[in-house]
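Asks:
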Amino acid sequence: MRLIVLFLLLTGGYAKAHQFTPTYPELEMSHIAGVYKAEMVLFNTREDIRYYEVNVFDEDWDPVRFAVESRVVPMDYQETKYITVYISKKESDKAKYICSKSKILLTVKEPSIVSSRICSKLK
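Residues in the sequence shown are numbered consecutively from 14, following my numbering.
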């Protein structure tokens, strides 16, 4: 039994993901009246990914309207980007999750590549 477990541990794959923090961001008033903002940090730990997409969802995972400088964020390997997500007061009551998702280019033909999505839950 131990030999089987050891074999699986040594031959098993591993998952790669990026970092998207804070885990529980708080919405605060922005410099624009009637608009809230959340400050997020995105860190690319994946050599095979160059783009990430930012989205906001409600508790049923339906999209919520929001604004960012760019929805698709270009990033180099081990680069950190600071992202400010803006949500109107009307939409802020519905918003529950701010998510980042790795975008795989069509030119990448590696069969083992996996897209990762990390979500932060709003307080």
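Here a beta-carbon is modelled for each residue, glycine too, at the ideal position from N, C-alpha and C.
Taking the straight line between their C-alpha atoms, what separation do you get for K136 and E39?
Replies: Spanning the two alpha carbons is a distance of roughly 5 Å.
Asks: Which residues bound the alpha helix (DSSP H) around E104?
Replies: Per DSSP, E104 belongs to the alpha helix (DSSP H) from K102 to S105.
Asks: Enumerate in chain order the residues of its own chain whose CB-to-CB distance from K107 is below 6 Å, with the five nearest sequence positions on each side excluded.
Replies: Answer for K107: D71 and V77, listed in chain order.
Asks: For the beta strand (DSSP E) containing Y65, list its first residue and its last residue.
Replies: Looking at the DSSP string, the run of the beta strand (DSSP E) that includes Y65 is Y64 to F70.
Asks: What are the boundary residues of the beta strand (DSSP E) that includes M53?
Replies: Element bounds for M53: V48 to F56.
Asks: Using a Cβ-Cβ cutoff of less than 7 Å, which residues in the same chain neighbour V8 once the five nearest sequence positions on both sides are dropped?
Replies: Examination of residue 8 is not possible in this model, given that the chain is present from 14 through 136 alone.
Asks: Could you pull the DSSP bridge partners for F33 from this structure?
Replies: According to DSSP, F33 bridges with L55.
Asks: One question on the structure: do V69 and Y37 come within less than 8 Å of each other, judged by their Cβ atoms?
Replies: Going by C-beta atoms, V69 is not nearer than 8 Å to Y37.
Asks: Comparing alpha-carbon positions, which option in I100, E104, S128 and C132 lies nearest E44?
Replies: In the sequence under discussion, the amino acid at residue 44 is His, which differs from the Glu named in the question. Nearest C-alpha to H44: I100.
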